[in-house]
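In the numbering used here, the protein residues as written are 32 to 487.
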């Protein structure tokens with residue numbers, strides 16, 4: 032497998048600033064979509080396994096997912112800055128500087144993972160209680176989160192290195208590595224959760240440990256690939272010197288990218304706090320539905336990643352018109368997919384929810400939420416693709432402001448108001464309205480075209 036990974040990395044470099052835009056989109060998006068689909072399959076399988084442990088286990092893992100989202104905003108910020116710089120330098124054919132960006136990305140990922148790993152380990156239980164968790168949910172969630180936090184460097188480095196490759200236009204190598212590690216994760220999950228064969232029965236902790244082991248293997252594979260030789264990058268041990276000038280550029284761009292995700296996750300945590308007031312069944316249903324929402328976004332992660340890279344590389348090549356066209360074609364493709372997902376969810380909502388949990392109350396609440404949510408999937412598509420296009424251009428401030436307004440200043444007060452007026456169903460409508468607002472504003476600002484003049 033290791034030989035396969037290394038040989039597979041020696042592919043011919045593709046010029047994404049020339050040729051058919053649609054082909055370039057699929058060239059970048061399909062490998063990432065395949066990886067995302069498999070990762071989503073793992074999330075579903077993981078939730079099914081955890082679901083066998085009961086509603087408390089589902090609630091604990093769901094709450095940890097929200098907490099992890101906030102912690103990894105730092106990793107997302109680093110990779111946002113890296114993708115913007117690497118794609119811009121590749122578009123300008125400045126490959127030497129792109130190599131330097133990779134080295135500084137690795138330094139930043141290591142530093143961030145150490146700081147966040149220590150903090151997350153010691154603050155796990157207080158945060159769980161702050162979110163409204165009680166009893167067994169606190170115990171299970173704290174244990175899960177401590178394991179993930181202590182080994183966060185495996186996830187940080189894997190995420191950073193795969194994103195770097197995608198920024199250069201290589202989505203195939205990350206696909207190979209992540210497919211292998213995700214399959215490993217799926218295999219380890221039941222073994223460690225239920226104590227199959229020679230493995231101990233660890234419950235929720237087994238799910239966390241399986242993730243850490245799989246990501247650690249992925250990290251080692253990627254490090255090996257970068258040092259064995261890659262057609263896009265040529266790193267050597269002597270290259271590993273701190274360059275604060277480049278590091279500052281990564282941080283400057285990535286900071287607002289981190290804030291985008293941070294505000295999004297703060298919004299989700301506040302919503303979780305509101306949902307928690309309705310009890311464990313509602314938390315479980317909410318967790319299941321948000322996993323399903325994430326499932327519909329998985330193809331969008333591949334398409335939006337393609338949009339970011341194409342925008343960045345074409346701006347580097349001094350082709351702003353082609354950059355804009357690439358973004359809008361990508362939006363159109365994702366809108367078609369989201370329309371299909373919405374129809375399927377509306378029709379098969381009961382069957383979908385029952386896959387995760389058969390408790391009648393969880394199923395009833397889940398059906399209600401997921402059907403309302405399906406009505407705004409096309410607006411989620413706009414926000415995701417256009418937001419990443421802004422980031423690819425290095426303009427992370429604009430989507431940060433739009434995200435802050437839509438998900439904090441609008442979503443939270445409107446959701447609280449509707450919940451008081453309508454009860455639990457008001458929460459679902461508050462989320463839906465904020466998705467519409469975010470998608471609309473994001474698209475309108477992108478059309479103004481100021482991002483085309485962004486200097487990074």
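For every residue, glycine included, the Cβ atom is placed at its ideal position computed from N, Cα and C. Note that the structure is predicted; figures quoted are calculated from it, not measured.
Neighbourhood of residue i by C-beta, 7 Å cutoff - its chain only, sequence neighbours within 5 removed
{"i": "residue 392", "result": "312"}
{"i": "residue 408", "result": "327, 369, 372, 373"}
{"i": "residue 423", "result": "114, 115, 118, 338, 339, 340, 342, 343"}
{"i": "residue 152", "result": "177, 180, 181"}
{"i": "residue 332", "result": "63, 67"}
{"i": "residue 286", "result": "108"}
{"i": "residue 413", "result": "362, 470, 473, 474"}
{"i": "residue 131", "result": "274, 277"}
{"i": "residue 398", "result": "380, 381, 384"}
{"i": "residue 295", "result": "434, 438"}
Own chain residues within Cβ distance below 8 Å of residue i, not counting five before or after
{"i": "residue 99", "result": "176, 179"}
{"i": "residue 335", "result": "361, 365, 415, 416, 418, 419, 420"}
{"i": "residue 164", "result": "90, 91, 94, 172, 307"}
{"i": "residue 79", "result": "386, 387"}
Rounded separation between residue i and residue j - CA only
{"i": "residue 363", "j": "residue 57", "result": "13 Å"}
{"i": "residue 122", "j": "residue 281", "result": "17 Å"}
{"i": "residue 39", "j": "residue 229", "result": "Since pLDDT at residue 39 reaches only 49, below the 50 mark, its modelled position is unreliable, and no value is offered."}
{"i": "residue 55", "j": "residue 417", "result": "17 Å"}
{"i": "residue 242", "j": "residue 144", "result": "16 Å"}
{"i": "residue 462", "j": "residue 404", "result": "8 Å"}
{"i": "residue 377", "j": "residue 459", "result": "15 Å"}
{"i": "residue 454", "j": "residue 308", "result": "11 Å"}
{"i": "residue 129", "j": "residue 221", "result": "41 Å"}
{"i": "residue 231", "j": "residue 240", "result": "12 Å"}
{"i": "residue 426", "j": "residue 390", "result": "46 Å"}
{"i": "residue 227", "j": "residue 218", "result": "11 Å"}
{"i": "residue 410", "j": "residue 438", "result": "14 Å"}
{"i": "residue 277", "j": "residue 211", "result": "32 Å"}
{"i": "residue 236", "j": "residue 124", "result": "46 Å"}
{"i": "residue 449", "j": "residue 127", "result": "54 Å"}
{"i": "residue 245", "j": "residue 162", "result": "29 Å"}
{"i": "residue 44", "j": "residue 263", "result": "7 Å"}
{"i": "residue 322", "j": "residue 477", "result": "29 Å"}
{"i": "residue 297", "j": "residue 447", "result": "15 Å"}
{"i": "residue 166", "j": "residue 249", "result": "35 Å"}
{"i": "residue 225", "j": "residue 106", "result": "31 Å"}
{"i": "residue 187", "j": "residue 266", "result": "19 Å"}
{"i": "residue 318", "j": "residue 305", "result": "13 Å"}
For residue i, the first and last residue of its enclosing alpha helix (DSSP H)
{"i": "residue 352", "result": "351-387"}
{"i": "residue 427", "result": "No alpha helix (DSSP H) contains residue 427, which DSSP labels as neither H nor E."}
{"i": "residue 397", "result": "391-405"}
{"i": "residue 259", "result": "235-259"}
{"i": "residue 163", "result": "Per DSSP, residue 163 belongs to no alpha helix (DSSP H) and is neither H nor E."}
{"i": "residue 319", "result": "311-347"}
{"i": "residue 466", "result": "455-479"}
{"i": "residue 123", "result": "No alpha helix (DSSP H) contains residue 123, which DSSP labels as neither H nor E."}
{"i": "residue 14", "result": "Nothing can be reported for residue 14: it is not among the residues displayed for the chain, which extend from 32 to 487."}
{"i": "residue 219", "result": "203-225"}
{"i": "residue 67", "result": "52-82"}
{"i": "residue 192", "result": "183-199"}
Own chain partners of residue i with C-beta closer than 6 Å, once the 5 adjacent residues on each side are dropped
{"i": "residue 168", "result": "87, 90, 91"}
{"i": "residue 330", "result": "64, 368"}
{"i": "residue 396", "result": "313, 316"}
{"i": "residue 82", "result": "89, 387, 388"}
{"i": "residue 482", "result": "421, 424, 426"}
{"i": "residue 174", "result": "236"}
{"i": "residue 170", "result": "none"}
{"i": "residue 354", "result": "342, 345, 346"}
{"i": "residue 13", "result": "The structure shown does not extend to residue 13, since the chain spans only 32 to 487, so no value can be given for it."}
{"i": "residue 300", "result": "97"}
{"i": "residue 209", "result": "66"}
beta-carbon residue i near the ligand SAM non-hydrogen atom, thresh 7 Å
{"i": "residue 417", "result": "Inclusion of the ligand SAM in the displayed structure is not the case, the ligand content being empty and no account of it being possible."}
Quick test of the definition: if touching needs 3 or more C-beta pairs under 8 Å, does the segment 454-474 touch the segment 438-445? By the Cβ test, the segment 454-474 is in contact with the segment 438-445, since at least three Cβ pairs between them sit closer than 8 Å.
So, does the segment 155-163 touch the segment 276-291, judging by three or more C-beta pairs under 8 Å? No contact exists between the segment 155-163 and the segment 276-291.
For the 8 Å Cβ check, are there 3 or more pairs between the segment 248-258 and the segment 201-213? Touching, per the Cβ criterion.
Count Cβ pairs between the segment 188-201 and the segment 101-110 that sit closer than 8 Å; are there 3 or more? Enough Cβ pairs lie closer than 8 Å, so yes.
Flag this pair as touching only if the segment 347-360 and the segment 64-76 have three or more C-beta atom pairs under 8 Å; answer yes or no. Contact between the segment 347-360 and the segment 64-76 is absent, because fewer than three Cβ pairs lie under 8 Å.
Contact the segment 45-53 vs the segment 353-362: 3+ CB pairs below 8 Å: In short, these stretches touch, since the Cβ pair count reaches three.
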